[in-house]
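Here is the structure we will look at.
Numbering (mature numbering (1 follows the signal peptide of the UniProt record, and there is no 0)), first residue to last: -24 to -1, 1 to 333.
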């Protein structure tokens, strides 16, 4: 948590003139938004958003206006279509790789390289979503034929040709799912999923059945050998004592922006580390990301989340783990420490207690 106010340059609108006029589409940031969430909604990547808006980090704030499509994109329509590159025969192509950095998640890496989480887990033999800084991941599949540089879309099922749209079907939500993760898996957008399922928010529940394309005819759930959900019983057996034990074992660890290991934590990285090491697999999200993946409780228990707002930025900006007796443990400016909710600063910033879905 930083109590510094970070300013971001206002996005500048540019106009381009050629045979017609074209401008970039924009998005006004709302409370609860993140770059990853916006990228999913507009079928782009975090890296592209940062490049289009000259952002140096992932920090955004409400009412900020962001470009969500490149200004130059309209010019492509007036240019002669590029001829597809002829595949080179029998030329082995090594898989591309990505070195995991602090703050990375499978979702972020998949979005950056335009692949699916299921593909990442298959290519790298992963059994869970937990990753660590320094790991080297394959982000493409080695090939002996074409050297296409365009990242592949999720492979269709064997019964479909590559040009066909995915078969109409449904998907049953499992522990750890988000709309962004499901959209990426099925090659669609969060906006489409919400429209097809009449969702008013990004909230989804374990066991909920979602339509994953726009047809009204429901077909059997598509098979996917690498993305079949494992039984989620082991994931929900996390106990409050395990959460608190892991959290207290990290006391004294220094603060590090974007950190999610014992080398250093920020507030959300601390939550990610504690819950993944106490039995509940969660994704690496920001404070407001965890806020959107949890629900309020009136009678908090040790191990529940406690949220704060308007600290270093407007809206939800900090969180910790409730210990009971008016205390919580969190990664603050002084590192991982135990603080009192009766402290005048934290009392003035308090938002509420919540539990993970």
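A virtual CB, placed ideally from N, CA and C, is assigned to each residue, including glycine.
- Exposure label - residue 73; buried when at least 16 CB within 10 Å: For the purposes of this step, residue 73 is taken as the residue at position 97 of the chain shown. Exposed, because fewer than 16 other Cβ atoms sit within 10 Å of the Cβ of residue 73.
- Helix, strand or coil for residue 89, going by three-state DSSP, please let me know. As a working note, residue 89 is residue 113 in the chain shown. Helix.
- Item | Burial state of residue 309 (16 or more Cβ within 10 Å) | Locating residue 309 in the chain shown gives position 333, counting from the first residue. The residue in question, residue 309, is exposed, as its Cβ has fewer than 16 Cβ neighbours within 10 Å.
- Buried versus exposed, by CB contacts within 10 Å (16 or more), residue 112: Residue numbering aside, residue 112 sits at position 136 when the chain shown is read from its first letter. The residue is exposed, with fewer than 16 neighbouring Cβ atoms inside 10 Å.
- Message: Rounding to the nearest angstrom, what Cα-Cα distance links residue 220 and residue 183 in this structure?
- Response: Mapped onto the chain shown, residue 220 falls at position 244. Mapped onto the chain shown, residue 183 falls at position 207. Approximately 28 Å between the Cα atoms of the pair.
- Could you give the distance in angstroms between the alpha-carbon of residue 272 and the alpha-carbon of residue 329? Here residue 272 refers to the residue found at position 296 of the chain shown. Here residue 329 refers to the residue found at position 353 of the chain shown. If I take the Cα positions, the gap works out to 6 Å.
- Indicate whether residue 292 and residue 267 have their beta-carbon atoms separated by less than 8 Å. On the chain shown, residue 292 is found 316 positions in, with the first residue counted as 1. On the chain shown, residue 267 is found 291 positions in, with the first residue counted as 1. A contact, by the Cβ cut-off of 8 Å.
- Item | Proximity winner among 96, 251, 278, 230, relative to residue 242 (alpha-carbon distances) | Counting from 1 along the chain shown, the entry for residue 242 is found at position 266. Comparing Cα positions, the closest option is 230.
- Item | Contacting residues, own chain, Cβ-Cβ under 7 Å from residue 327 (five flanking each side not counted) | For the purposes of this step, residue 327 is taken as the residue at position 351 of the chain shown. Contacts found: 283, 284, 285, 292.
- Task: Grab me the residues of residue 116's own chain with a C-beta within less than 6 Å of its C-beta, minus the 5 sequence neighbours each way, in chain order.
- Result: Mapped onto the chain shown, residue 116 falls at position 140. Hits under 6 Å: 71, 72.
- Query: Under the rule that 16 or more other beta-carbon atoms within 10 Å means buried, what is residue 1, buried or exposed?
  - Reply: Here residue 1 refers to the residue found at position 25 of the chain shown. With fewer than 16 Cβ atoms within 10 Å of its Cβ, residue 1 is classed as exposed.
- Query: Would DSSP call residue 95 helix, strand or coil?
  - Reply: Locating residue 95 in the chain shown gives position 119, counting from the first residue. Three-state DSSP puts residue 95 in a helix.
- Assigned secondary structure, residue 308 (DSSP; H/G/I helix, E/B strand, else coil): As a first step, residue 308 must be located in the chain shown, where it is residue number 332. Strand at residue 308.
- Less than 8 Å between the CB atoms is what I'm expecting for residue 165 and residue 90, so what's the real figure, rounded? Within the chain shown, numbered from 1, the residue matching residue 165 stands at position 189. Within the chain shown, numbered from 1, the residue matching residue 90 stands at position 114. Residue 165 to residue 90, Cβ: 14 Å. No contact.
- Message: Please report the distance separating the alpha-carbon of residue 107 from that of residue 260.
- Response: Here the question's residue 107 lines up with position 131 in the chain shown. Here the question's residue 260 lines up with position 284 in the chain shown. Near 10 Å, if we compare the C-alpha coordinates of residue 260 and residue 107.
- Which term fits residue 318, buried or exposed, when burial requires 16 or more other beta carbons within 10 angstroms of its beta carbon? For this step, residue 318 is matched to residue 342 along the chain shown. Looking at its Cβ environment, which holds fewer than 16 other Cβ atoms inside 10 Å, residue 318 is exposed.
- Nearest-angstrom Cα distance between residue 262 and residue 294? If you number the chain shown from 1, residue 262 lands on position 286. If you number the chain shown from 1, residue 294 lands on position 318. One C-alpha to the other measures close to 9 Å.
- Message: Using the three-state DSSP reduction, which class does residue 36 fall into: helix, strand or coil?
- Response: The residue labelled residue 36 in the question sits at position 60 within the chain shown. Correct three-state label for residue 36: coil.
- Message: Let's see if you can read the secondary structure: which residues bound the beta strand (DSSP E) around residue 16?
- Response: By 1-based counting over the chain shown, the position of residue 16 is 40. Counting along the chain, residue 16 falls outside any beta strand (DSSP E), though it belongs to the alpha helix (DSSP H) covering 11 to 17.
- Query: How is the beta strand (DSSP E) around residue 271 delimited, first residue to last?
  - Reply: Locating residue 271 in the chain shown gives position 295, where the first residue counts as 1. Note, residue 271: beta strand (DSSP E), 270 to 272.
- Run through DSSP, which three-state label would residue 314 get? Taking the first residue of the chain shown as position 1, residue 314 is located at position 338. The answer is strand: DSSP assigns residue 314 an E or B state.
- Task: Please report the residue range of the alpha helix (DSSP H) in which residue 161 lies.
- Result: In the chain shown, counting from the first residue as 1, residue 161 sits at position 185. That run of the alpha helix (DSSP H) goes 155 to 161.
- Query: Under the DSSP definition of a beta bridge, which residues are partnered with residue 329?
  - Reply: To locate residue 329, count along the chain shown from 1; it is residue 353. BP columns for residue 329 point to 282.
- Task: Ignore the nearest five residues each way along the sequence and tell me which others in residue 228's own chain have a CB closer than 7 Å to its CB.
- Result: For this step, residue 228 is matched to residue 252 along the chain shown. Once the five neighbours on either side are set aside, the close Cβ partners of residue 228 are 311, 312.
- Query: What does DSSP give as the partner residues of residue 296 in its beta bridges?
  - Reply: Indexing the chain shown from 1 puts residue 296 at position 320. In DSSP, residue 296 forms a bridge with 282.
- Message: What does the alpha-carbon distance come out to for the pair residue 26 and residue 301?
- Response: The residue you call residue 26 lines up with position 50 of the chain shown. The residue you call residue 301 lines up with position 325 of the chain shown. Computed Cα separation, rounded: 42 Å.
- Can you tell which of 321, 83, 75 has the C-alpha that lies nearest to the C-alpha of residue 12? Along the chain shown, one-based indexing puts residue 12 at 36. It is 83.
- Starting from residue 75, trace the beta strand (DSSP E) both ways and give me its first and last residue. Numbered from its first residue, the chain shown carries residue 75 at position 99. 73 to 75 is the extent of the beta strand (DSSP E) around residue 75.
- Does DSSP put residue 50 in a helix, in a strand, or in coil? In the chain shown, the residue the question calls residue 50 occupies position 74. Bear in mind that a pLDDT of 39 at residue 50, under 50, signals an unreliable position, so the model cannot answer this.
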